[in-house]
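The structure appears below as structure tokens.
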Amino acid sequence: MSKKIGILTSGGDCAGLNAVIRAATFRAVNKYGWKVIGIKDGTLGLISKPLDVLDLTPRDFDGSLMRMGGTFLGSNNKSHPFKTTNNKGSNLSNQVLKGFKELSLDALIGIGGDGSMKILQSLTKKGNINFVGIPKTIDNDVMQNELSIGYDTAVDVATNALDMLQPTAASHRRAMILEVMGRDAGHIALNSGIAGGADIILIPEIPYSLKSISKQIEKIRSQGRNHALIVVAESVRKENGSKASVKFIDGEIRLGGIGAYLSDEIYKITNTETRVTVLGHLQRGAQPTHRDRLIASAFGVYAVDLIHKEKYNRVVVWQNREVTDVDLNSIAGKSKTIKKHDPLIKVAQGLGIYVGELS
Ligand code: F6P
């Protein structure tokens, strides 16, 4: 039976989104002969008047699009249809659902992180929408899923940054601090820190002490090395437990500043010259790595096949080197962070990297 499906990208963008939209469109049109509708700017495309949507066909994907970062459908991580109020004081979920009905869609593919999955879970439940989710987020914190689209590229960007920081650190005998994203999960910091030869990796899941950081720098010095590399995840707290954050002009308070804090503290206690690099959105906008394109392709095809089987309320995930699917309700609203017994923590310890106070 022919179907008409919608596809949208929601939350912060990342590398590999164009590749997953392409894969889903190819599978839906070429294999099943379905119609695919791209919804612009997350759910915002469904409340705009007229609806902001476009027909997607394989012809829309020239050879270059899958190689590019970002999402050509647009995304947004600000508007929450259950919280945003219109001028009548009600939330916008009914308008989103009205837009969905107007399109007469048989199913929806939502590509998002843990936050988006939670929102889409509520929306699709309320509107009785046939839903399949695809995880994407540089934070890699979607439960029951080893790899989210965009994460591999972000780790690669952070590893490359450490490769570039090391020579300049050595030239000036400095401790270089790299502040990376990841929200409340330390996956980017831990993985790039190991791959990029860091001496100290600080993640939100494990407390640290400035005294131990100072000891680690002393140890490096006593072994004859004149510089150090430190990776810190953005939501690591100051030693007194407070979060480093910045108030933006729009009134929002966002994570940021832990690198600068550590830079001052490390300078004070070790008398080592320090510098900070805040990697920021470079981690999101880079060209997708081969792994992100691969996962995006596998997820896109699998999501469409789930719809073909009419298996809904599922999220496509990567487990043990293959694609499978899990119940949306079992992952929505939860987040995968690093445990003290994570195998990579052991690897870091084995390398002599300081990863915080583990005992
Ligand atoms: O969730 C993805 C993410 O990139 C986080 O790692 C980061 O804290 C946040 O989004 C930044 O969001 P924004 O695009 O609003 O600056």
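Letter by letter, the sequence shown follows residues -15 to 343 of the numbering used here.
The beta carbon of each residue, even a glycine, is placed where N, CA and C say it ideally should be.
Fair warning: this is a prediction, and the values are worked out from it, not measured in the lab.
Out of the options, which one is the CA nearest neighbour of residue i?
| i | options | result |
| --- | --- | --- |
| His274 | Leu1, Arg298 and Glu86 | Leu1 |
| Val216 | Arg205, Asn297, Gly235 and Leu239 | Leu239 |
| Leu76 | Leu30, Asp289 and Ile(-11) | Leu30 |
| Arg157 | Leu57, Arg209 and Lys120 | Arg209 |
| Phe232 | Ile21, Gly241 and Arg221 | Gly241 |
| Ala159 | Ile185, Asp25 and Gly94 | Ile185 |
| Ile113 | Ser196, Thr9, Arg277 and Asn297 | Asn297 |
| Leu290 | Ile190, Asn304, Asp311 and Leu278 | Asp311 |
| Asp309 | Val288, Cys(-2), Arg51 and Asp123 | Val288 |
| Ile237 | Lys62, Thr321 and Gln79 | Lys62 |
| Leu104 | Ile(-9), Ala228 and Lys324 | Ile(-9) |
| Asn78 | Leu87, Ser88, Pro65 and Leu89 | Pro65 |
| Tyr245 | Gly235, Asn313 and Val262 | Val262 |
| Arg51 | Leu328, Ala316, Ser281 and Leu107 | Ser281 |
| Ile190 | Ala(-1), Asp326 and Gln150 | Asp326 |
| Glu86 | Gly111, Lys67 and Ser106 | Gly111 |
| Gly225 | Pro188, Gln303 and Met(-15) | Pro188 |
| Ala270 | Thr55, Gln303 and Leu328 | Thr55 |
| Phe10 | Val37, Glu306 and Asp44 | Asp44 |
| Gln303 | Lys295, Leu107, Trp18 and Ile279 | Ile279 |
| Asn313 | Met(-15), Leu38, Arg259 and Lys109 | Lys109 |
| Gly373 | Glu294, Lys199, Val307 and Ser206 | Residue numbering for the chain in the displayed model covers -15 to 343; residue 373 lies beyond these limits and cannot be assessed. |
| Arg259 | Phe115, Gln150 and Glu306 | Gln150 |
| Arg20 | Leu89, Ala3 and Met(-15) | In the sequence as presented, Arg is not what sits at residue 20; that position holds Val. Closest by alpha carbon: Leu89. |
| Lys295 | Val116, Thr254 and Thr256 | Val116 |
| Thr254 | Lys195, Leu38, Arg305 and Val230 | Lys195 |
| Ser155 | Met165, Trp18, Gln207 and Glu257 | Glu257 |
Tell whether a beta-carbon distance below 7 angstroms holds between residue i and residue j.
| i | j | result |
| --- | --- | --- |
| Ala12 | Val285 | no |
| Met127 | Lys318 | yes |
| Gly83 | Leu28 | no |
| Gly97 | Ser59 | no |
| Arg(-11) | Ala91 | A small fix is needed here, since residue -11 is Ile in this sequence, not Arg. Contact: yes. |
| Asp276 | Asp136 | yes |
| Leu40 | Gly53 | no |
| Val301 | Asn129 | yes |
| Asp197 | Ala212 | According to the sequence as given, residue 197 is Ile; it is not Asp. Going by C-beta atoms, Ile197 is not nearer than 7 angstroms to Ala212. |
| Phe283 | Ile118 | yes |
| Ile93 | Lys120 | no |
| Ser176 | Ala228 | no |
| Ser100 | Ser(-6) | yes |
| Lys324 | Leu342 | yes |
| Lys24 | Leu57 | yes |
| Gly170 | Ile5 | no |
| Gly243 | Glu163 | yes |
| Lys67 | Ala316 | no |
| Tyr16 | His292 | yes |
So, under 8 angstroms CB-CB, residue i and residue j are touching, yes? Tell me the CB distance rounded to an integer number of Å.
| i | j | result |
| --- | --- | --- |
| Glu223 | Ser193 | 7 angstroms |
| Ile172 | Val139 | 6 angstroms |
| Ala332 | Leu174 | 7 angstroms |
| Ser247 | Ile161 | 5 angstroms |
| Asp(-3) | Arg167 | That belief does not hold up - the Cβ atoms of Asp(-3) and Arg167 are roughly 14 angstroms apart, past 8 angstroms. |
| Ala(-1) | Gly134 | 5 angstroms |
| Ile204 | Ala182 | Between Ala182 and Ile204 the Cβ distance is about 11 angstroms, and since that is not below 8 angstroms, they are no contact. |
| Leu81 | Leu107 | 7 angstroms |
| Leu328 | Ile178 | 6 angstroms |
List in chain order: all unbroken beta strand (DSSP E) runs of 3+ residues lying wholly within the stretch 143 to 173.
158 to 164
Please specify which runs of the beta strand (DSSP E), each continuous and at least 3 residues long, are wholly inside the stretch -1 to 36, giving them in chain order.
DSSP runs (the beta strand (DSSP E)) wholly in the stretch -1 to 36: 19 to 23.
Completely contained beta strand (DSSP E) runs for the stretch 168 to 228, where each covers 3 or more residues:
184 to 186 and 212 to 217
Complete beta strand (DSSP E) runs within the stretch 271 to 306 (minimum length 3 residues, chain order)
298 to 303
Ordered list of alpha helix (DSSP H) runs contained in the stretch 229 to 266, each at least 4 residues
242 to 254
Whole alpha helix (DSSP H) elements within the stretch 87 to 120, 4-residue minimum
98 to 111
Extract the residue ranges of the beta strand (DSSP E) inside the stretch 35 to 66, only unbroken runs of 3 or more that lie entirely within it.
37 to 40
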